Amino acid sequence: MDQIKHELDVLIVGAGFSGMYLIHKMKELGLKALVLEAAPEVGGTWYFNRYPGARCDVESMEYSYSFSEELQQEWDWPQKYSEQKEILEYANHVADRFNLRSHIKFSTKVISAKFDESINMWNIKTDSGDVYIARYFIMATGTLSVPNKPKFEGLDSFKGEWYMTGNWPHEEPDLKGKKVGIIGTGSSAIQAIPVIAEKADHLTVFQRTPQYSIPGLNHDLTSDERKYFRENYSEIRAKARKQFGGIGLFEYIDTNALDVSHEERTAAYSKRWKSAASPQEFGSTFKDIRINMEANATASDFVRGKIREIVDDPTIAEMLVPEDPIWCKRLCVDTNYFQTYNRDNVTLVDIKKTPIKSLVEKGLETSEDIYDLDVIIFAIGFDALTGAINAVDIEGKDGLKLKEKWSDGPITYLGLSVNKFPNLFTITGPGSPSVLSNMMTSIEQHVDWVTECIKHMVDSGKVAIEASSNAEIEWTDHVDETASKTVGYGCNSWYVGANVPGKKVVYMPYIGGVGTYREKCDEVALSGYKGFHLS
Ligand code: NA7
45 MDQIKHELDV LIVGAGFSGM YLIHKMKELG LKALVLEAAP EVGGTWYFNR YPGARCDVES
105 MEYSYSFSEE LQQEWDWPQK YSEQKEILEY ANHVADRFNL RSHIKFSTKV ISAKFDESIN
165 MWNIKTDSGD VYIARYFIMA TGTLSVPNKP KFEGLDSFKG EWYMTGNWPH EEPDLKGKKV
225 GIIGTGSSAI QAIPVIAEKA DHLTVFQRTP QYSIPGLNHD LTSDERKYFR ENYSEIRAKA
285 RKQFGGIGLF EYIDTNALDV SHEERTAAYS KRWKSAASPQ EFGSTFKDIR INMEANATAS
345 DFVRGKIREI VDDPTIAEML VPEDPIWCKR LCVDTNYFQT YNRDNVTLVD IKKTPIKSLV
405 EKGLETSEDI YDLDVIIFAI GFDALTGAIN AVDIEGKDGL KLKEKWSDGP ITYLGLSVNK
465 FPNLFTITGP GSPSVLSNMM TSIEQHVDWV TECIKHMVDS GKVAIEASSN AEIEWTDHVD
525 ETASKTVGYG CNSWYVGANV PGKKVVYMPY IGGVGTYREK CDEVALSGYK GFHLS
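Here our numbering = 1-based position in the sequence shown + 44.
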């Protein structure tokens, strides 16, 4: 029997914040569009990342949609950095308020998509056996949505419970009275560790690389703070769209760290340490921190000093002091992270010095010791930026697979489009500012751009849009060259894919800034889609 094929104008993968806004815009255009979502609910990464302490590292008032004035005026965020469950509540509210659910098919995973050149349409298959034919195929699959699976020797022999921060169980595990071990000290672990330490009988942290983190100064939002936002939202959002990091709440400073005295620098760092609205704000205390190693050292040394001040035991403090420059990896934000190491029930283990040999029946064995554990938590990060896109078997023109094309690192035009893959768009894809910015600002910019592009195609009676090979090579070189001038370029971070064994090390996001990038995208659209071939 022939499979039933559903015909659509637009098929969107993922019902996170990108997919939700996209379907809203496609509905406005009057197109026949559908979202396929693997989870049973909206929210994307916020549906899965529900580990203790999970929050976004951008303030909630800004980590929210700006497209609807009514929405931003009516929604009440409880805290400066609201919890995951509140972010998920917001996603659900948006889905209901804009009547999006009837356009989303849940618990459905897209497994493959093949471009049919004879009809200029994508042929998309799901794990439930459904087949869709769509003119436009949009990957709104998120940048940090495929968690790295633990591949430690002996995992099967471990008799306790184990969990991944990136795929935390929906029924909260009871950690009370238990001996818990956590592997990893990135953003997720830095949020989880202080909360878990309060619940567990004992917490052992297995750290490979120490991280920089700044105090989040999280608090319940006052009615005055909310009022300020509500009255100034249009200005804040307008600024966010032009700023480097897509955040409108603070000013980027035009002064170089090396042009002022040591005392002035320290005063500036101290001020932002006590009041920074976000890690971005602290990390931008001076203009040259991200581009000049000597300037960077002044900021790095300031935070190293703070860690030594906060942590009582000098040996533990030294273990927590990063050697890398600040901004090498993503700068974290915390609530009492370093303070947690002053607790009697927390132990820090340096697994660079004493590597993990294997998991064993009763816990974990390093080269030096065996740790008895009831629970092991893997906070080991994500296959960032390309992981979720490569998880779908995408085949473009001439039988070319996207995964093969990207085997030496992602090649894109503007992080949105790929040569030989017509009518495919990647929201906040590699080659765009995405993870280097407030994702909400970048999601809205990409969705608006794609919406205008599809509208242009429909209005002009065109059926295929494809990035030219020259345009994508030029853009990908530009992405690399821009990154090469920054301190994070040679670092061992997930921005370059260094956290996934075997992944090609390439600087993936575009570090030219949200404002500059938006201008470039607008210019391309205004010029009649320069760098694209429309047919
Ligand atoms: P991150 O930031 O990639 O952190 C992962 C942590 O896990 C980091 O400390 C890693 O050490 C460590 N790790 C990774 N693999 C291993 C193995 N095999 N053994 C030991 N330790 C390991 O992921 P997060 O989830 O914390 O945060 C990701 C982003 O999500 C974050 O920046 C926010 O934007 C939201 P390493 O540094 O590689 O030595």
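All C-beta atoms, glycine included, are put in the ideal place defined by N, C-alpha and C.
Note that this is a predicted model, so its numbers are computed, not measured.
- With respect to residue 68, residue 176 sits apart: the two C-beta atoms are not nearer than 7 Å.
- The shortest C-alpha to C-alpha distance from residue 371 to any of 439, 126, 531 is the one to 531.
- The C-beta distance from residue 366 to residue 533 rounds to 17 Å, too long to meet the 8 Å contact threshold.
- Of the candidates 422, 203, 522, the residue whose Cα lies closest to the Cα of residue 252 is 422.
- Taken in chain order, the complete beta strand (DSSP E) segments of 3 residues or longer contained in the segment 146 to 180 are 154 to 160, 165 to 170.
- Checking the 6 Å criterion, the Cβ of residue 374 is within range of a heavy atom belonging to the ligand NA7.
- Rounded to whole angstroms, the Cβ separation of residue 190 and residue 431 is 3 Å, and the two are in contact under 8 Å.
- About 6 Å separates the beta carbons of residue 220 and residue 243, which is inside the 8 Å limit, making them a contact pair.
- Counting of Cβ neighbours within 10 angstroms places residue 271 among the exposed residues, the total staying below 16.
- Taking 8 Å as the upper bound for CB-CB distance, residue 238 and residue 380 are in contact here, some 5 Å apart.
- Secondary structure note for residue 263: it is in no alpha helix (DSSP H), with a DSSP letter that is neither H nor E.
- For residue 226, the distance from the CB to the nearest heavy atom of the ligand NA7 is not below 6 Å.
- In this structure, the beta-carbon distance from residue 210 to residue 93 falls below 7 Å.
- Between residue 440 and the set 128, 181, 108, 415, the nearest pair of CA atoms involves 181.
- Contact check between the segment 110 to 130 and the segment 386 to 405: fewer than three CB pairs, one atom from each, fall below 8 Å, which does not count as touching.
- In this structure, the C-beta of residue 188 approaches the ligand NA7 to less than 6 Å from one of its heavy atoms.
- Between the alpha carbons of residue 292 and residue 61 lies a distance of about 19 Å.
- Residue 402: member of the beta strand (DSSP E) spanning 400 to 404, first to last residue.
- Put simply, the segment 287 to 301 does not touch the segment 452 to 470. Fewer than three CB pairs are less than 8 Å apart.
- Of all alpha-carbon atoms in 158, 316, 309, the one lying nearest the alpha-carbon of residue 342 is that of 309.
- According to the DSSP assignment, residue 128 belongs to the alpha helix (DSSP H) that extends over 128 to 141.
- Burial is judged here by how many other beta carbons sit within 10 angstroms of a residue's own beta carbon; residue 340 has at least 16 and is buried.
- Note: residue 117 is not bridge-paired with any residue in the DSSP secondary-structure output.
- Within the segment 437 to 476, the runs of beta strand (DSSP E) that reach at least 3 residues and sit entirely inside it are, in chain order, 437 to 439, 468 to 470.
- Residue 562 is classed as buried because its beta carbon has at least 16 other beta carbons within 10 Å across all chains shown.
- Per DSSP, residue 227 is one residue of the beta strand (DSSP E) stretching across 223 to 227.
- Per DSSP, the beta bridge partners of residue 577 are 510.
- DSSP lists 54 as the beta-bridge partner residues of residue 77.
- Residues of the same chain with a CB within less than 6 Å of the CB of residue 390, apart from the 5 flanking positions on each side, are 241, 247, 384 in chain order.
- Sequence-distant Cβ neighbours of residue 129 in its own chain, meaning closer than 8 Å and more than five residues away, are 94.
- In terms of side-chain proximity, the C-beta atom of residue 371 is found no nearer than 6 Å to any non-hydrogen atom of the ligand NA7.
- Residue environment for residue 459: buried (at least 16 other C-beta atoms within 10 angstroms of its C-beta).
- Using a Cβ distance threshold of 7 Å, residue 554 and residue 477 count as a contacting pair.
- Taking the Cβ atoms as the reference, residue 152 lies roughly 7 Å from residue 82, within the contact range of under 8 Å.
- For residue 230, the CB falls within less than 6 Å of some heavy atom of the ligand NA7.
- The beta-carbon separation of residue 103 and residue 125, rounded to 6 Å, stays under the 8 Å limit for a contact.
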